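Step one of this worksheet: look at the structure below.
Numbering (our numbering), first residue to last: 41 to 361.
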């Protein structure tokens, strides 16, 4: 017997509400059409399914037996439809994200909390490393996405988008205030124990090129493992160094850091988002990329680094820069 499931669905709603008009409204159909389908079903099953009473319809004994089976089947299918609709609207998954220390503090920290509030089903695992190591992991398929600082050499397989442009400023602790009365040459600056990131980092390469243009070697007297160590070392008068201007601003205001001036301008740097063009992005990764683009377009201010909103990520692996 080949009976359309749509007929059983109409029978289910008529039996459930014991009323043709209510069933037609739920089914978004007409009352005559629902009545016609019930008659066809009764003809195909060769039995009467409903009795008409003053207050509506009542199932016959045959109708009750049929409804006991049809109700289970229909409810299962309706539940499945609802679950699929929910899954369409709920984005889930895990993102393997590589990020440098500077990019983390300048751009990501202020955005991760709101993202995970809006998309609680998406987990983000962060690998904190140098720009070259992160790009290598991205090309090897160990990362879905990277947010890093320039400079770096862009591989042909990688797509790249700008997120933030920033400048770094020379600074020292309070004991170096006397150096702020006039612009210094890079040659003078390097006499005062430079504190900076070590070889193999984007920051090291950036300043190496800046100093080479002035025919000087860039040799930090004190190399640190992570960018967030530079500021406290400067505050304790252990030397001079370069700090991203948005992060340095609050420390300049409370006089725990002193802004210094050079007689040559420092080129701007960028925070960039990268991914492998040869691999399709998961829905979770694509959602996160779109979110970062939207935040970038809104040009949100950078938060005070000493008063950031806490965020929740999973398995943050700290290395350097």
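The beta carbon of each residue, even a glycine, is placed where N, CA and C say it ideally should be. In this text the structure is predicted, and so the values were computed from the model without any measurement.
Exposure of residue i, with buried meaning 16 or more beta-carbon neighbours within 10 Å
i: residue 173; result: buried
i: residue 314; result: buried
i: residue 243; result: buried
i: residue 207; result: exposed
i: residue 184; result: buried
i: residue 255; result: exposed
i: residue 145; result: buried
i: residue 287; result: buried
i: residue 60; result: buried
i: residue 99; result: buried
i: residue 186; result: buried
i: residue 218; result: exposed
i: residue 20; result: Because the chain is modelled from 41 through 361, residue 20 falls outside the range shown and cannot be assessed.
i: residue 307; result: exposed
i: residue 46; result: exposed
i: residue 66; result: exposed
i: residue 113; result: exposed
i: residue 118; result: exposed
i: residue 178; result: buried
i: residue 293; result: exposed
i: residue 64; result: buried
Beta-carbon proximity list for residue i, same chain, < 7 Å, skipping 5 on both sides
i: residue 332; result: 151, 203 and 313
i: residue 199; result: 314, 315 and 317
i: residue 295; result: 214
i: residue 284; result: 142, 146, 206 and 208
Three-way DSSP call (helix, strand, coil) for residue i in this model
i: residue 192; result: coil
i: residue 284; result: strand
i: residue 265; result: coil
i: residue 271; result: helix
i: residue 103; result: helix
i: residue 278; result: coil
i: residue 108; result: helix
i: residue 316; result: strand
i: residue 92; result: strand
i: residue 301; result: coil
i: residue 134; result: strand
i: residue 98; result: strand
i: residue 237; result: strand
i: residue 310; result: strand
Same chain, Cβ closer than 6 Å to residue i, neighbours up to 5 away in sequence not counted
i: residue 340; result: A caution first: residue 340 carries a pLDDT of 47, below 50, which makes its placement in the model unreliable, though a value can still be read off. If we look at residue 340 and ignore the five residues flanking it on each side, it has no Cβ neighbours.
i: residue 263; result: 238
i: residue 233; result: 261 and 279
i: residue 137; result: 164, 166 and 185
i: residue 77; result: 47 and 50
i: residue 194; result: 200
i: residue 291; result: 297
Own chain, CB closer than 8 Å to residue i, minus 5 neighbours either side, in chain order
i: residue 44; result: none
i: residue 148; result: 139 and 187
i: residue 181; result: 316 and 319
i: residue 223; result: 301, 302 and 303
Cutoff 8 Å: residue i Cβ touching any chain B Cβ
i: residue 113; result: Note that chain B does not occur in the displayed structure, where there is just one protein chain.
Practice prompt. Could you tell me whether the segment 270-277 touches the segment 152-169, where touching means 3 or more Cβ pairs closer than 8 Å?
Written response: Cβ pair count under 8 Å is below three, so no.
Practice prompt. Please go through the segment 157-234 and give each complete alpha helix (DSSP H) segment of 4 or more residues, from N-terminal end onward.
Written response: If you keep only unbroken alpha helix (DSSP H) runs of at least 4 residues inside the segment 157-234, you get 171-179 and 226-229.
Item to complete: Give a yes or no on contact between the segment 228-240 and the segment 307-327, applying the rule of three or more CB pairs nearer than 8 Å.
Response: Counting C-beta pairs closer than 8 Å gives fewer than three between the segment 228-240 and the segment 307-327, which falls short of the contact rule.
Practice prompt. Check whether the segment 100-116 touches the segment 51-61, taking contact to mean three or more Cβ pairs, one atom from each stretch, closer than 8 Å.
Written response: The segment 100-116 is in contact with the segment 51-61.
Fill in: the segment 131-142 touching the segment 317-328, judged by at least three CB pairs closer than 8 Å
Yes, the segment 131-142 is in contact with the segment 317-328.
Discussion item. Would the segment 295-312 count as touching the segment 188-205 if we require 3 or more Cβ pairs under 8 Å?
Written reply: Touching, yes, given that three or more Cβ pairs across the two stretches are closer than 8 Å.
Discussion item. Does the segment 290-303 come into contact with the segment 161-169, if we say contact requires no fewer than three beta-carbon pairs (one atom in each stretch) closer than 8 Å?
Written reply: No contact exists between the segment 290-303 and the segment 161-169.
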